[in-house]
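Just so you know, the protein sequences line up as chains H and S, in that order.
Just so you know, we're using my numbering here: the first sequence kicks off at 1086 and counts up by one.
Just so you know, we're using my numbering here: the second sequence kicks off at 549 and counts up by one.
Note that the Cβ used here is the ideal one computed from N, Cα and C, for glycine as well.
Working notes, structure below.
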Amino acid sequence: MRKTHIGIYVLLFLIFGCSVREEQGILRLVVKGKYADQPLIMGAEYPYFEGSKISFTKSEFFISEIAVKDQQGNWIELNPGNPKFVNLQNHHFNIENALAGLKISIGSLPPGDYTYIRMGIGLPASINNLQPKDFPSSSTLGQGDHYWAGWNSFIFSKTEGIIKNAPQMANFAYHSGFNEAYQMIEFNTDLKIIDETDSEIVMNMDHQRIFGNSTNFINIYQDPIIHEGGTFMDNFMNQLRSSIEILK
Amino acid sequence: MNRIKVGLFTSFGILLMIGCNDDPPSGDLLSIPYDPRPQNVIVPAFFNPFPDNPSNPLTYDGVQLGRHLFYDPILSSDSSMACAGCHKPEFAFTDGEAFSIGVTGQLGNRSSMSLLNVAYFSKGLFWDGRSADLESQALEPVENPIELHESWPNVEMKLRRHVKYPEMFRKAFGISGKAEIKKELAAKALAQFQRTLITGGNSRYAKQLEGKTFFDPDEQEGMEMFFNSNPSLPDAQCGHCHAFPTFQSSDYFNNGLDAASKVSDFKDVGRGAISGIPLDSGRFKATSLFNWHLTAPYMHDGRFKTIEEVLDHYTQQVKQSPNLDPNVANLVLNVRQKNKVLAFLKTLIDTSYLKNQDFLSPF
């Protein structure tokens, strides 16, 4: 009888006792839209390079293939195959939100120190070659307004707004897409993940930098819309990439 | 003596409270078989998978109950008007009016929206998205004083006393007694029916995608302008709001109907009243263009009587405001080009749904 009991305990221990919880910590990305050194508030006016006033009505983009490098030099991708959608216009509509930043849960990681983070701006070809019909309509990728049938591409980013310098005025819409526009960025970081703890990493996006710099900037009045792939879109995506920094 | 009086009074009170409760006994429907069968919905091959609601999966009996409720004036205060009063199949489930008239003769303040492909709206229903899903949307018109002007407790009572509905609720949701007939189940049934209202698969556009037909040059150029895919043609930019594949959007847009120097100036703030986001003021949902020819007059306030007026608006009359959608701000199309866009729009016509008895009144 006693032996039977011991046998049952051993069996129960084997079944339940050996399932050890995997240690994990959550990583969140805090996206802060900026215009030069000011927090970005949708609808607020900022000085453009040549003296015009610029305001934004939309700023959104996909980030994909987010990965961190551990101290052994291994890249660990978070949530493979699941791009994140950053929508600043529904968040950065007041100063409090703009200062706090938009928090996006990226995924979980084993505890430890990580030295680099990388991510793609846009969507990798493996996803971009699909169509909305390949996703549920409730998902971001399943919604037609993030896909441009004329390009056979998802829209990687949308930056929209108004620029004016009386009597001049233009409504601008810079959308990007195509596999060639996908941009990978990589930053050195001091990321520490602790078990059962949320960790945050701050991403700044300078909306002035998207348009160039004081000596070389987009003439929005002349080109208020990106019509197609090519040099203009390539330059825009390069500038979009350089507008992003990850704080250590 | 006083004790007897108190006792009689108390008994009378209890009788009043309990004796007048006409709730039917629970379990009174258990003799009716409950055998739910899933209802399959065929969607066009280029659409997303059918957007079922896991908490309200389609069943044959659920859809049939919803269809009966949709066409039955029992939901209105004077039994004169059904949901179908403002959502008529022959008008692509709109009513052909700028503003709908409710049971009391009052005019509504926005145009009746088409329900075709309504299942694919994922960020709210109504022009301003104030209802999160079809289940919550279906609750609103019944108690709206300028629509059906009824109360849900009354509707529930009428449905419980009805000769057929208790059985239909039993078959749809497996309730055991009439007392379980509640507004939430009625709304679920209405939502199930409305989710089945899919159209587009028999349009020329669909056939062209399937390689079963070819566009003529006008239709082809019209499509290229619609989606800005031909650099030698002007951009019509339509596809941003009326997006592939359903030619609608779950998002909200200011398409330049009214001028405003600041966003608080809009007379009807639309989405802004719901989201609380200032730049959402004056933004409204973009409806599907499938069967647009049946949905006039156009816009949330029905201000345009014809599709030609709509095209003229986008090419000549867009009004400036701080949150104007930039895609409609700079459109330049001549008459021939507008006619080509119109030729493409005609490929989105698919009236085959009007022959589908499951979409039409069961009465």
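Query                                                                                                                                       : Result
Pairwise C-alpha distance: S/S624 and S/G614                                                                                                : 15 angstroms
Within 9 angstroms, strictly: CB atoms of H/I1346 and H/L1208                                                                               : Outside the displayed range of chain H (1086 to 1333) lies residue 1346 of chain H, so it cannot be described from this structure.
Three-state secondary structure assigned by DSSP to H/Y1133                                                                                 : coil
Local Cβ density within 10 Å of S/N839, reported as buried at 16 or more and exposed below that                                             : buried
Sequence-distant residues of its chain with Cβ nearer than 8 angstroms to H/I1311 (five each side left out)                                 : A1258, Y1259, H1260, S1261, F1317, M1318, F1321
Proximity test, Cβ basis, 9 angstroms: S/Y787 and chain H                                                                                   : What sits at residue 787 of chain S in the sequence shown is Gly, not Tyr. Yes, contact with chain H.
Partner residues on chain H for S/S777, Cβ-Cβ distance less than 8 angstroms                                                                : A1234, G1235, W1236
Secondary structure of H/K1188, DSSP reduced to three states                                                                                : strand
Contact under 9 angstroms by Cβ, S/L738 with S/L908                                                                                         : no
Beta-carbon proximity of S/Q885 to S/M773, cut-off 9 angstroms                                                                              : yes
Interface residues of chain S facing H/F1178 [CB-CB closer than 8 angstroms]                                                                : I825, P826, L827
Close-in-space but distant-in-sequence residues of the same chain around S/Y675 (CB under 7 angstroms, 5 per side omitted)                  : Checking the displayed sequence, the identity of residue 675 of chain S turns out to be Trp instead of Tyr. For S/W675, where only same-chain residues beyond five positions count, the Cβ hits under 7 angstroms are R658, M661, G818, F832, K833, H848.
Exposed unless 16 or more other CB atoms sit within 10 angstroms - verdict on H/N1213                                                       : buried
Selection from S/E769, S/H788, S/D813 that minimises the alpha carbon distance to S/Q796                                                    : S/H788
Beta-carbon proximity of H/G1422 to H/S1137, cut-off 9 angstroms                                                                            : Beyond the ends of chain H as shown, which are 1086 and 1333, falls residue 1422 of chain H; an answer cannot be given.
Member of S/Y619, S/H841, S/Q868, S/S869 whose CA lies at the smallest distance from the CA of S/V858                                       : S/H841
The stretch 1276 to 1285 of chain H touching the stretch 1191 to 1210 of chain H, judged by at least three CB pairs closer than 8 angstroms : yes
S/V747 vs S/D898 beta-carbon contact at 9 angstroms                                                                                         : First, the residue type needs correcting, since residue 747 of chain S is Thr and not Val in the sequence shown. It is a contact, given that the beta carbons lie within the stated cut-off.
DSSP three-state assignment for S/W840, whether helix, strand or coil                                                                       : helix
Residue environment, H/I1180, which counts as buried when at least 16 other CB atoms sit within 10 Å                                        : exposed
Nearest-angstrom Cα separation, counted from S/Y800 out to S/D873                                                                           : 10 angstroms
Neighbour list for S/L872 in chain H, Cβ cutoff strictly below 9 angstroms                                                                  : T1142, I1247, N1256
Opening and closing residue of the alpha helix (DSSP H) in which H/D1319 lies                                                               : 1316 to 1327
Run of the alpha helix (DSSP H) containing S/L617, from where it starts to where it stops                                                   : 608 to 619
Residues bridged to H/E1108 (per DSSP)                                                                                                      : None; H/E1108 has no bridge partner.
Cross-strand partners of S/N875 (DSSP beta bridge)                                                                                          : S/N875 is not bridged to any residue.
Members of the stretch 575 to 595 of chain S near chain H, C-beta cut-off 7 angstroms                                                       : F594, F595
Beta-carbon neighbours of H/H1292, restricted to chain S and to distances below 8 angstroms                                                 : Correct list: empty, because the minimum Cβ distance to chain S is about 15 angstroms.
Chain H within 9 angstroms of S/Q905, Cβ atoms only                                                                                         : no
Under 7 angstroms from the C-beta of S/Y668: neighbouring residues of chain H                                                               : S1222
Residue-chain proximity (S/D799, chain H), Cβ-Cβ < 9 angstroms                                                                              : yes
Contacts that H/M1127 makes with chain S (C-beta to C-beta distance below 7 angstroms)                                                      : L827
Contact with chain H by S/N878, beta-carbon distance below 9 angstroms                                                                      : yes
Chain H contact for S/T794 (CB, 9 angstroms cutoff)                                                                                         : yes
Residue range of the unbroken beta strand (DSSP E) whose run includes H/A1258                                                               : 1253 to 1261
Among S/F892, S/T652, S/A735, the one whose alpha carbon lies nearest that of S/P605                                                        : S/A735
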